[in-house]
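The numbers in UniProt numbering rise by one with no breaks, and the one at position 267 of the sequence shown is 267. Notes for the one structure printed next.
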Amino acid sequence: MSEEHHLVGLLLGAEEDWPRAFEALTSRIGVFTHAGRRHVLDTERVRIAPFNLRDPARHQVVIDRLAYWYYHPREWLKKVALMDDVYLLNSPFTFQSMEKHSAYCALIRLGMRIPDTVLVPYKNPIDNVRWAYTSKNYNDPFDLAAIAEKMGYPLFMKPFDGGGWRGVSRINNEADLWSAYDDSGEMLMHLQKAVEPFDVFARALTIGPESMVMHFRPDEPMHDRYQVDHDFLSVAAGQEAVTISQTVNAFFRWEFNSCEMLVQGDTVLPIDYANACPDVAVTSLHYYFPWAMKALVRWTAYCAATNRKARLHVDPDPWFAIGDDPDLSYGDKLVRYQQLADLHFEKDRYAEFCATSLPDLDDLVLEWVSSPQFDRLLLDTVRATYPEHEQDRFIGHFRGLIGLWVGDEASLRGSSPVGG
Ligand SMILES: Nc1ncnc2c1ncn2[C@@H]1O[C@H](COP(=O)(O)OP(=O)(O)O)[C@@H](O)[C@H]1O
Ligand SMILES: [Mg+2]
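Here it is, written out as structure tokens:
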């Protein structure tokens, strides 16, 4: 029987670790079967070159890590999505138009506990010949200090379309407020009530229908931000974190995203969930890296082999019908959102695919993470990431955390750890 080859494009920035992991795993998987046919995932790093808008795409799926800042490949992604039905993780149609601000608005309407948020007009004039006239005639004067006072300190000021902590400041008093606003210049800023104190910062990485809710410590250096911690949320708060993350993704048609939530007791408050290019570096995810690679490979294989149809645009109606229903409690809404998310990501069909088409993936990943090839990937990444005098310390640090995963995974799977 012949094999159906699916070309998966990796559109990359500066990273080497996860692409190597993805390439290694897909090649170890080789042939898998789905619906009586044999499938193979081929991978290719996407090149950047002039393209004719009529050139057909060769890829079936593209995993994008670049288009959020590099616009030539972004426009290529839009072309292949519109013209060639290429399945994208993530589609620029969703992340470009649905920045943080839209995500706040949608989630507020869905009844999520978004901290009180105000959008403030630009500090500096916009570079446009019409600005002076428009502003003189239509801009209302406003008292920023009074707005802040009413919301109550502490606050956060941050760009409406932010990412990577750019332009984020904590505002404790009026002096901080003016200094942050003066610094904002041409950036459009939100003023948001700080969630303080909070008990835990949860960061959920979601790939297709799979979510990993991790204990995040934003004040630690990158290699220590994700804490290996399995029971840091109650069952209810953990489920709520998953539902919020999957709701965001299903609503906006994001495939690969991370969602930040602050948890006070059992109350979950989402603060940032438009991260279309989430961090998946082995040097930050460490213990959770094997899970992330597994989920990425599985979901890509599923989308390719089942020929999952990409949908370009958001359809908020079924979500808002639930959000707007006055007879439903917050808890009822969460249950229904999870059902919609499960339908969107075809959760049951995906589970069956994982069990029948990739039944050995867990063993394969365990074996690979225990192998010298994985250790080589870790060493190369540490050497490329840290200055020489810190490399030994970090090699030890990450080997320890990966070893911990190997031990945990092996006991979960009822086998003894392979290799070292
Ligand atoms: N409302 C808030 N309450 C408490 N901390 C916040 C709030 N908003 C932002 N922060 C802190 O600032 C960090 C960066 O803000 P965030 O909205 O995540 O922006 P970015 O998109 O740049 O990551 C968060 O990870 C969190 O530590
Ligand atoms: Mg953030």
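Positions of the beta carbon are idealized from the N, C-alpha and C atoms, including for glycine. Treat the numbers as computed from the prediction; the structure is a model and nothing was measured.
Residue i: which of the options sits nearest, CA to CA?
i: G407; options: W131, Y287, R170; result: Y287
i: R203; options: H39, L188, Y226, Q192; result: Y226
i: residue 441; options: A292, L343, D342, F156; result: Shown here, the chain extends from 1 to 420; a query on residue 441 therefore has no answer.
i: A250; options: V200, V314, S179; result: V314
i: F320; options: W368, C105, D279; result: C105
i: P270; options: E220, D140, A194, T306; result: A194
i: R336; options: D327, A305, I322; result: I322
i: D229; options: R217, M222, E240; result: R217
i: Q60; options: N307, Q339, M222; result: N307
i: V16; options: R376, A132, L340, E367; result: Note that residue 16 is Glu in the sequence shown here, rather than Val. Among R376, A132, L340, E367, the Cα nearest to that of E16 belongs to R376.
i: residue 421; options: Y133, V120, D362; result: Missing from the structure shown is residue 421; the chain here goes from 1 to 420 and no further.
i: G36; options: R413, S415, T356; result: T356
i: E367; options: E388, W405, R383; result: W405
i: E196; options: M261, D182, S245, F232; result: M261
i: L358; options: R54, L144, Y302; result: Y302
i: T300; options: F51, N52, Y87, I147; result: Y87
i: E255; options: W131, L89, K136; result: L89
i: D85; options: A304, K150, R20; result: A304
Does the separation of the CB atoms of residue i and residue j fall below 7 Å?
i: V297; j: L25; result: yes
i: L177; j: Y122; result: no
i: L12; j: V62; result: no
i: E240; j: V213; result: no
i: W18; j: V280; result: yes
i: L312; j: F93; result: yes
i: V31; j: E75; result: no
i: L191; j: V118; result: yes
i: K100; j: D161; result: yes
i: A310; j: T247; result: no
i: R399; j: Q391; result: no
i: F232; j: H215; result: yes
i: N124; j: E186; result: yes
i: Q339; j: T243; result: no
For residue i, count neighbouring C-beta atoms within 10 Å of its own C-beta (all shown protein chains included) and say buried if the count is 16 or more, exposed if not.
i: D360; result: exposed
i: S184; result: buried
i: R45; result: exposed
i: S91; result: buried
i: G265; result: exposed
i: G419; result: Residue confidence for G419 is low, a pLDDT of 45 falling below 50, so the modelled location carries little weight; the figure read from the coordinates is stated next. G419 should be labelled exposed.
i: I402; result: buried
i: R65; result: buried
i: D380; result: exposed
i: N257; result: buried
i: N275; result: buried
i: G164; result: exposed
i: Y273; result: buried
i: P56; result: exposed
i: P290; result: buried
i: K294; result: buried
i: Y181; result: buried
So, with DSSP's three-state summary, where would you put residue i?
i: K136; result: helix
i: G111; result: coil
i: Y350; result: helix
i: F216; result: strand
i: G419; result: Residue confidence for G419 is low, a pLDDT of 45 falling below 50, so the modelled location carries little weight and cannot support an answer.
i: A14; result: coil
i: P159; result: strand
i: P270; result: strand
i: S258; result: strand
i: I171; result: strand
i: H190; result: strand
i: D342; result: helix
i: Q60; result: coil
i: R45; result: strand
i: Y287; result: helix
i: E210; result: strand
i: Y181; result: helix
i: L66; result: coil
i: F398; result: helix
i: T306; result: coil
i: A204; result: strand
i: E4; result: strand
i: Y122; result: coil
i: G265; result: coil
i: Y386; result: coil
i: V31; result: strand
Q.
For the region 238-258 against the region 100-113, do three or more pairs of beta-carbon atoms, one drawn from each stretch, fall closer than 8 Å, so that the two count as touching?
A. yes
- request: Give a yes or no on contact between the region 331-350 and the region 208-220, applying the rule of three or more CB pairs nearer than 8 Å.
  value: yes
**Asked** Are three or more beta carbon pairs between the region 386-398 and the region 332-339 nearer than 8 Å?
**Response** no
Given 8 Å as the limit, is there contact between the region 145-158 and the region 167-176, that is, 3 or more CB pairs closer than that? yes
| query | How about the region 53-72 and the region 229-242: do they share at least three Cβ pairs that are nearer than 8 Å? | reply | no
* To do: Decide yes or no for the touch test of the region 35-45 against the region 2-21: beta carbon pairs closer than 8 Å, at least 3 of them.
  => yes
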